[in-house]
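Worksheet: one structure, shown below.
In the numbering used here, the protein residues as written are 1301 to 1782.
Put into structure tokens, the structure is as follows:
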């Protein structure tokens, strides 16, 4: 598709890689974690595709700064990153923007990344970095770029915080996503490339063409700008945003050849047996698995508790695609169910904190016309199934028929009601432990210990010790829907 677009283009083409490339698939996990591999084993495909520029996504930080820098060094194209700085204010990952001249047209491209990364990453990874608002950074640089170039493009690994037509907020305005504000509050932008939310968008916002091409390579986004000469400069007189679907398009044989040996190794690794199940640990109804404790969820909590020594644990069913475990478990099953490179953190929190967390959990379902459903607020614009936690080690009841803030009707620990002043140790993933998902009661300063091993490895290690898993639940939580 990329080759076709470039071949058919009536003018110069700038090709941009918009982040979240080095993490997010079994292949990228295998390259980083298994065998003797280097980042270039993965990133060589970007060099083959001849990108002009790239930016960083939040998942570029998942495997640490050393691996990120190794990946950046392997690219043939430059990285631009305007809003991630050192503690003293210097650029850390390349220049803030680049000006590319093609066929006499000067195109300035600004690189931005969601500044919410410290909410998700290991504190040690980001301790020497400063993350600045993408909106404020665009307001700083776009006027300067406008003076120097004919065309100004903002490429942003972040999404939209508001409805694209009405401007009404669609989420809490935390600064994680600032795409709508950038398009409407920063004059002088000719094109805006977005990401992060995995949405499928090709439209105009405030007259600015914007794209967001889904995820997992489902689409290639294209913005076309028609320019005309006015005096000694070129100006944009027309623009169009569109997406090209990749499903059904024949794969590039050179790319297949490039990864043939590595992909065979990955497939063999994914097929490695790691355990068996007595009973039923398959997930046939994801919503029901969230309302009534499921053996797979109890299993994940058991892994977290054994790995950390905590006796209260919380985890989520990250999406609706995971199917749990069948009778025979291979590494493929572990990776496809536990899809994130999470590590674990143990928090020391109060009973009040735990109750507030459960009240936050309880906002994810509503009862409408007598039927329970996932709160639409957390489905659009991006499904947030990964923020609905289920706990082990406590007994609790959530009544979805009650008002928000009053839904935790029972909360016991070791058979006694939890008091607000109780001190409790709770294990959860690193994302949640630092407040990810707007769990404001969880903070980095409440972390008392961490396990710096990916959960997929912890799950596989647990199965080595317990090769036969029993699909059981103690039904320690209850939900009321009528």
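Glycine is no exception: its CB is placed at the ideal position from the N, C-alpha and C atoms. Model, not experiment: these values are computed from the prediction.
**Report entry** is_contact[residue 1667, chain D] using C-beta, thresh 8 Å
**Finding:** In the structure shown, chain D does not exist; there is a single protein chain.
**Report entry** Contact between the segment 1483 to 1503 and the segment 1315 to 1324 (3+ Cβ pairs under 8 Å)
**Finding:** yes
Query raised in the report: Which same chain residues, not among the five before or five after residue 1473, have their C-beta less than 8 Å away from its C-beta?
Result: Here residue 1473 refers to the residue found at position 173 of the chain shown. Counting only Cβ-Cβ distances below 8 Å, and skipping sequence neighbours, we find 1461.
Report task. Take residue 1428 as the anchor and find which of 1476, 1418, 1436 and 1435 has the nearest alpha-carbon. Result -> For the purposes of this step, residue 1428 is identified with residue 128 of the chain shown, where counting begins at 1. The residue with the shortest Cα to Cα distance from residue 1428 is 1418.
Query raised in the report: Going straight from the alpha carbon of residue 1425 to that of residue 1364, what length do you get?
Result: If you number the chain shown from 1, residue 1425 lands on position 125. If you number the chain shown from 1, residue 1364 lands on position 64. Approximately 6 Å between the Cα atoms of the pair.
Query raised in the report: Can the beta-carbon of residue 1634 be found closer than 8 Å to that of residue 1466?
Result: In the chain shown, residue 1634 corresponds to position 334, counting from 1. In the chain shown, residue 1466 corresponds to position 166, counting from 1. No, the pair does not count as a contact, with Cβ atoms beyond the cut-off.
Query - Inter-residue Cα distance where the pair is residue 1744 and residue 1618 - result: For the purposes of this step, residue 1744 is identified with residue 444 of the chain shown, where counting begins at 1. For the purposes of this step, residue 1618 is identified with residue 318 of the chain shown, where counting begins at 1. Computed Cα separation, rounded: 22 Å.
Query raised in the report: Can you find at least 3 beta carbon pairs, one from the segment 1654 to 1666 and one from the segment 1560 to 1574, that sit closer than 8 Å?
Result: no
Query - Neighbourhood of residue 1378 by C-beta, 8 Å cutoff - its chain only, sequence neighbours within 5 removed - result: Counted from its first residue, the chain shown places residue 1378 at position 78. 1353, 1354, 1394, 1395 and 1398.
Query raised in the report: Contact between the segment 1502 to 1514 and the segment 1714 to 1721: three or more CB pairs below 8 Å?
Result: no
Query raised in the report: If you follow the beta strand (DSSP E) that residue 1402 is part of, which residue opens it and which one closes it?
Result: The residue given as residue 1402 occupies position 102 in the chain shown. Residue 1402 -> beta strand (DSSP E) spans 1397 to 1402.
Report task. Tell me whether the beta-carbon of residue 1556 lies closer than 8 Å to the beta-carbon of residue 1326. Result -> Position 256 of the chain shown, counting from 1, holds the residue named residue 1556. Position 26 of the chain shown, counting from 1, holds the residue named residue 1326. For residue 1556 and residue 1326, no; Cβs fall outside 8 Å.
**Report entry** Per DSSP, cross-strand counterpart(s) of residue 1525
**Finding:** For this step, residue 1525 is matched to residue 225 along the chain shown. DSSP, once it has assigned bridges, lists 1539 as partnering residue 1525.
Query raised in the report: Roughly how far, in whole angstroms, is the beta-carbon of residue 1376 from the beta-carbon of residue 1415, given that I think they are within contact range, below 8 Å?
Result: Along the chain shown, one-based indexing puts residue 1376 at 76. Along the chain shown, one-based indexing puts residue 1415 at 115. Going by Cβ atoms, the distance from residue 1376 to residue 1415 rounds to 27 Å, so no, they are not a contact pair.
Query - Residues near residue 1701 by beta carbon distance below 8 Å, same chain, minus five either side - result: In the chain shown, counting from the first residue as 1, residue 1701 sits at position 401. Cβ neighbours of residue 1701 beyond the five flanking positions: 1667, 1780, 1781 and 1782.
**Report entry** Cβ pair residue 1646, residue 1725 closer than 8 Å
**Finding:** Numbered from 1 along the chain shown, position 346 holds the residue referred to as residue 1646. Numbered from 1 along the chain shown, position 425 holds the residue referred to as residue 1725. Going by C-beta atoms, residue 1646 is nearer than 8 Å to residue 1725.
Report task. Name the two residues that bound the continuous beta strand (DSSP E) containing residue 1408. Result -> By 1-based counting over the chain shown, the position of residue 1408 is 108. Residue 1408 -> beta strand (DSSP E) spans 1405 to 1413.
Query - Alpha-carbon to alpha-carbon, residue 1454 and residue 1430 - result: The sequence position of residue 1430 within the chain shown is 130, counting from 1. The sequence position of residue 1454 within the chain shown is 154, counting from 1. Residue 1430 and residue 1454: Cα-Cα distance of roughly 20 Å.
Query raised in the report: Run through DSSP, which three-state label would residue 1479 get?
Result: Residue mapping note: residue 1479 aligns to position 179 of the chain shown, counting from 1. If DSSP states are grouped into helix, strand and coil, residue 1479 belongs with the helices.
Query raised in the report: Considering only residues of the same chain and omitting the five flanking positions on each side of residue 1597, which have a CB-CB separation below 6 Å?
Result: Looking up residue 1597 in the chain shown gives position 297. Taken in chain order, the residues that qualify are 1690.
Requested in this report: Taking 8 Å as the cut-off, decide whether the C-beta atoms of residue 1648 and residue 1500 are in contact.
Outcome: Mapped onto the chain shown, residue 1648 falls at position 348. Mapped onto the chain shown, residue 1500 falls at position 200. In this structure, residue 1500 does not lie closer than 8 Å to residue 1648 by Cβ.
Requested in this report: Compare the C-alpha of residue 1643 against each of 1612, 1604, 1609 and 1671 and name the closest.
Outcome: To locate residue 1643, count along the chain shown from 1; it is residue 343. Residue 1604 is the option with its Cα nearest to residue 1643.
Query - Rounded C-alpha distance that separates residue 1640 from residue 1372 - result: Locating residue 1640 in the chain shown gives position 340, counting from the first residue. Locating residue 1372 in the chain shown gives position 72, counting from the first residue. Each residue's Cα considered, the two are about 22 Å apart.
Report task. Please determine, among 1754, 1712, 1592 and 1369, the residue with the shortest C-alpha to C-alpha distance to residue 1730. Result -> Here residue 1730 corresponds to residue number 430 of the chain shown, with the count starting at 1. Checked all of 1754, 1712, 1592 and 1369; the closest Cα to residue 1730 is 1754.
Query raised in the report: Looking only at C-alpha atoms, which of 1464, 1368 and 1631 sits nearest to residue 1568?
Result: Taking the first residue of the chain shown as 1, we reach residue 1568 at position 268. Closest option to residue 1568, Cα to Cα, is 1631.
Query raised in the report: Leaving out five residues before and five after residue 1759 in sequence, what residues of the same chain have Cβ atoms less than 7 Å from its Cβ?
Result: Numbered from its first residue, the chain shown carries residue 1759 at position 459. Only 1603, 1634 and 1638 meet the Cβ criterion.
Query raised in the report: For residue 1553, which three-state DSSP category applies?
Result: As a first step, residue 1553 is located in the chain shown; it is residue number 253 there, counting from the start. Residue 1553 falls in the helix class under three-state DSSP.
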